[in-house]
Amino acid sequence: MPSPVAAPPALTAEQQTALAKQLGRWRRQPLSPEQLAELLPRISDPHLALAVGERLGMAGPGAIHLILPLCSSKAISLPLIKALGICHHPQARDQLLQWLNHAGEHKAAVLEALACWGNQIDPTIIEAALDAPGRAERLAGLGLLTFRSRSLTPQALLHLTEPLLSDIRPEVAIATLRLLQRRQEPEILAAIDRCIQINHLPGVAEMAIQALGCIGSPLSCELLIAQLRHLQHTSLGPAIRRQLQAQVRHRHWIEAELLAMPSP
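Following this line, the structure appears as structure tokens:
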């Protein structure tokens, strides 16, 4: 019987320090994908391992033959998730999907790595991510939804996203508003408009104002003008006015509306 092949020795602290310095001099001292794949299992420093995994993924689809053997011989790890997400090979997507249901603490990272294949991901996976209680999973679900958001009806899109607008974590609501601002339907605009509240979580009302300004449709401008009538004497008034003044396409109509309002 052939004797088992011994696992390569772990890098010493000094070797890891030298490797980190070499990564910092990448243009002068690049490592081949083969070298990166050989080094990755030997690194104990999580930050260095993540940097090496990223470099391995950046080698492109051709690196998949080096990444997949590491995936089959090692436990799920952030460096391998990063490498799979960056290399953009269809087999990388398949490996990430195989890991998804037993990814444990790394589930959000796996979902995030799948973002570039958003159009190919089962909608039930996206919906489950958006329904998850965790902040990271919800944000990853929004990343996946980005690729499908334009093909959904307004009702379907709001069914998935409107609960996130009332999330107690401002970053989730803000990311949701950034996604919704890609659409112009009245139902979407109304959902954004409802987030403009003086007592909302930090940054959410301001992002909703910015979203309506970015949309720049006649209806979004009408909503901003209506909000200004109610909120011009509050802390949100200047932000609303700035967005209205930036609307070049509807400038003359908006200027007339603003002139008709009492001075703040």
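Number 249 in the working numbering belongs to position 264 of the sequence shown; there are no gaps in the numbering. For every residue, glycine included, the Cβ atom is placed at its ideal position computed from N, Cα and C.
Which whole runs of the alpha helix (DSSP H) in the stretch 31 to 86 are 4 residues long or more, in chain order?
31 to 42, 49 to 58, 63 to 72 and 75 to 85
Residue -4, enclosing alpha helix (DSSP H) - first and last residue
As a position in the sequence shown, residue -4 is number 11, starting the count at 1. Looking at the DSSP string, residue -4 is not in any alpha helix (DSSP H), and its letter there is neither H nor E.
Can you confirm whether the stretch 177 to 194 touches the stretch 137 to 146 when touching is taken to mean that 3 or more C-beta pairs between the two stretches lie within less than 8 Å?
no
Check residue 259 in the structure and name its three-state DSSP category.
For residue 259 there is no data in the structure shown, the boundaries of the chain being -14 and 249.
Tell me whether the beta-carbon of residue 334 lies closer than 8 Å to the beta-carbon of residue 42.
An answer regarding residue 334 cannot be provided, because it is not within the stretch -14 to 249 covered by the chain.
Counting pairs of Cβ atoms below 8 Å between the stretch 71 to 86 and the stretch 115 to 122, do you hit three or more?
Cβ pair count under 8 Å is below three, so no.
Taking the straight line between their C-alpha atoms, what separation do you get for residue 93 and residue 239?
For this step, residue 93 is matched to residue 108 along the sequence shown. For this step, residue 239 is matched to residue 254 along the sequence shown. Those two C-alpha atoms are separated by around 44 Å.
Whether residue 186 touches residue 223 by CB criterion (8 Å):
By one-based count along the sequence shown, residue 186 stands at place 201. By one-based count along the sequence shown, residue 223 stands at place 238. No; because the gap between Cβ atoms is not below 8 Å, this pair is not in contact.
Suppose you measure from the CA of residue 52 to the CA of residue 0; what does that come to, to the nearest Å?
Locating residue 52 in the sequence shown gives position 67, where the first residue counts as 1. Locating residue 0 in the sequence shown gives position 15, where the first residue counts as 1. Approximately 22 Å, taken between the alpha carbons.
Measuring straight from C-alpha to C-alpha, what distance separates residue 140 and residue 228?
In the sequence shown, the residue the question calls residue 140 occupies position 155. In the sequence shown, the residue the question calls residue 228 occupies position 243. C-alpha separation (whole angstroms): 27 Å.
Measuring alpha carbon to alpha carbon, tell me which residue in 38, 204 and 114 is nearest residue 25.
In the sequence shown, the residue the question calls residue 25 occupies position 40. Ranking 38, 204 and 114 by Cα distance to residue 25 puts 38 first.
Of the residues 129, 116 and 8, which one's Cα is nearest the Cα of residue 105?
As a position in the sequence shown, residue 105 is number 120, starting the count at 1. Ranking the options by Cα distance to residue 105, first place goes to 129.
Got a sec, what are the start and stop residues for the alpha helix (DSSP H) residue 18 sits in?
For the purposes of this step, residue 18 is identified with residue 33 of the sequence shown, where counting begins at 1. Note, residue 18: alpha helix (DSSP H), 18 to 24.
Whole-angstrom distance between residue 13 and residue 107, CA atom to CA atom
Translated into positions along the sequence shown, residue 107 becomes position 122. Translated into positions along the sequence shown, residue 13 becomes position 28. Answer to the nearest angstrom: the Cα atoms are 43 Å apart.
Can you tell me whether DSSP reads residue 178 as helix, strand or coil?
Within the sequence shown, residue 178 is the residue found at index 193, counting from 1. Three-state result, residue 178: helix.
Would residue 245 pass as an interface residue toward chain C - the criterion being a Cβ-Cβ separation below 8 Å?
Although the question refers to chain C, the structure presented lacks it and comprises just one protein chain.
8 Å contact criterion, which residue 162 and residue 196 should meet: CB distance rounded
Taking the sequence shown and counting its residues from 1, one reaches residue 162 at position 177. Taking the sequence shown and counting its residues from 1, one reaches residue 196 at position 211. Yes, residue 162 and residue 196 are in contact; Cβ-Cβ is about 5 Å, under 8 Å.
Does DSSP put residue 184 in a helix, a strand or coil?
For the purposes of this step, residue 184 is identified with residue 199 of the sequence shown, where counting begins at 1. Coil at residue 184, not helix or strand.
Compute the Euclidean distance between the alpha carbons of residue 45 and residue 20, then round it to the nearest angstrom.
If you number the sequence shown from 1, residue 45 lands on position 60. If you number the sequence shown from 1, residue 20 lands on position 35. About 15 Å.
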